[in-house]
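To start, the structure itself, in structure tokens.
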Amino acid sequence: MGCQPPDTGRPVCSLYDRCQSLVRIAGNDVVLLASSAHDLQLSLDRFAAACEVAGMKISTSKSEAMVLNRKKVECLLRVKEEILPQVEEFKYLGVLFTGRPLFLPSPMVMSFGVRSSAIREELGVEPLLLRVERSQMRWLGHLVRMPPGRLPGEVFRACPSGRRPPGRPRTRWKDYVSRLAWERLGIPPDELEEVAGEREVWASLLRLLPP
Numbered sequence: 033m034g035c036q037p038p039d040t041g042r043p044v045c046s047l048y049d050r051c052q053s054l055v056r057i058a059g060n061d062v063v064l065l066a067s068s069a070h071d072l073q074l075s076l077d078r079f080a081a082a083c084e085v086a087g088m089k090i091s092t093s094k095s096e097a098m099v100l101n102r103k104k105v106e107c108l109l110r111v112k113e114e115i116l117p118q119v120e121e122f123k124y125l126g127v128l129f130t131g132r133p134l135f136l137p138s139p140m141v142m143s144f145g146v147r148s149s150a151i152r153e154e155l156g157v158e159p160l161l162l163r164v165e166r167s168q169m170r171w172l173g174h175l176v177r178m179p180p181g182r183l184p185g186e187v188f189r190a191c192p193s194g195r196r197p198p199g200r201p202r203t204r205w206k207d208y209v210s211r212l213a214w215e216r217l218g219i220p221p222d223e224l225e226e227v228a229g230e231r232e233v234w235a236s237l238l239r240l241l242p243p
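Under this note's numbering, the first residue of the sequence shown is numbered 33, with each subsequent residue one higher.
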């Protein structure tokens, strides 16, 4: 995709508003989903038209089509006169996606590179790292409030005995999340469990977690 107009995210937002069930934004990529090749081609045409209005261009060299189905199904997607290659699998962020799902129906998937910063700003999509950190600290609140006898809570509070092997000790998850709460929320480690133990207070802090 070659373009750098000031409103890079607007065509994406426009298409997203019109067919939210079909467009998903992930990292630097856009994925179109549909239940048939015909519907996906229509979505692709609309997206390509919106990009063209903003002076952007779909990079066909970085775009692929995949059918999620137990049987082999042909899916010929076109961007103008170019046919996108159909693949059986592709790796994204270290995760391998294949065309033979276990439980999914049969949507078609097409992805191509788009700048993420303008898209996130335009659509109000929070960064992935922020969602991960919020999820980790939400789980911390669950652990702190767990009653005695629950295995996750017992493991969280456990202090292993005995001699450790030589060398630098491994960072415990408890140490990591304590440092995270101190850096992101300003809560000292010695006050963390007390604050996290208050369900409503903790939930309010996580909602206000800065990006």
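Glycine included, C-beta positions come from ideal geometry on N, C-alpha and C.
Name the residue from Thr130, Ala86, Leu240 whose alpha carbon lies nearest to the alpha carbon of Leu217.
Leu240
Quick check: Gly177 and Ala97, are their CB atoms within less than 9 Å of each other?
In the sequence as displayed, the identity of residue 177 is Arg instead of Gly. Taking 9 Å as the Cβ cut-off, Arg177 and Ala97 do not qualify as a contacting pair.
Own chain, CB closer than 8 Å to Gln73, minus 5 neighbours either side, in chain order
Leu109, Arg110
To the nearest angstrom, how far is the alpha carbon of His70 from that of Leu162?
36 Å
Proximity winner among Ala82, Glu232, Gly199, Pro221, relative to Tyr208 (alpha-carbon distances):
Pro221
Can the beta-carbon of Arg231 be found closer than 9 Å to that of Gly173?
yes
Quick one: grab the DSSP three-state call for Glu121.
strand
DSSP puts Ile115 in a beta bridge; with which residues?
Arg110
Between which two residues does the beta strand (DSSP E) harbouring Met98 extend?
96-99
What does the alpha-carbon distance come out to for the pair Ser67 and Arg211?
45 Å
Just curious, the beta strand (DSSP E) that Val63 is in, first and last residue?
61-66
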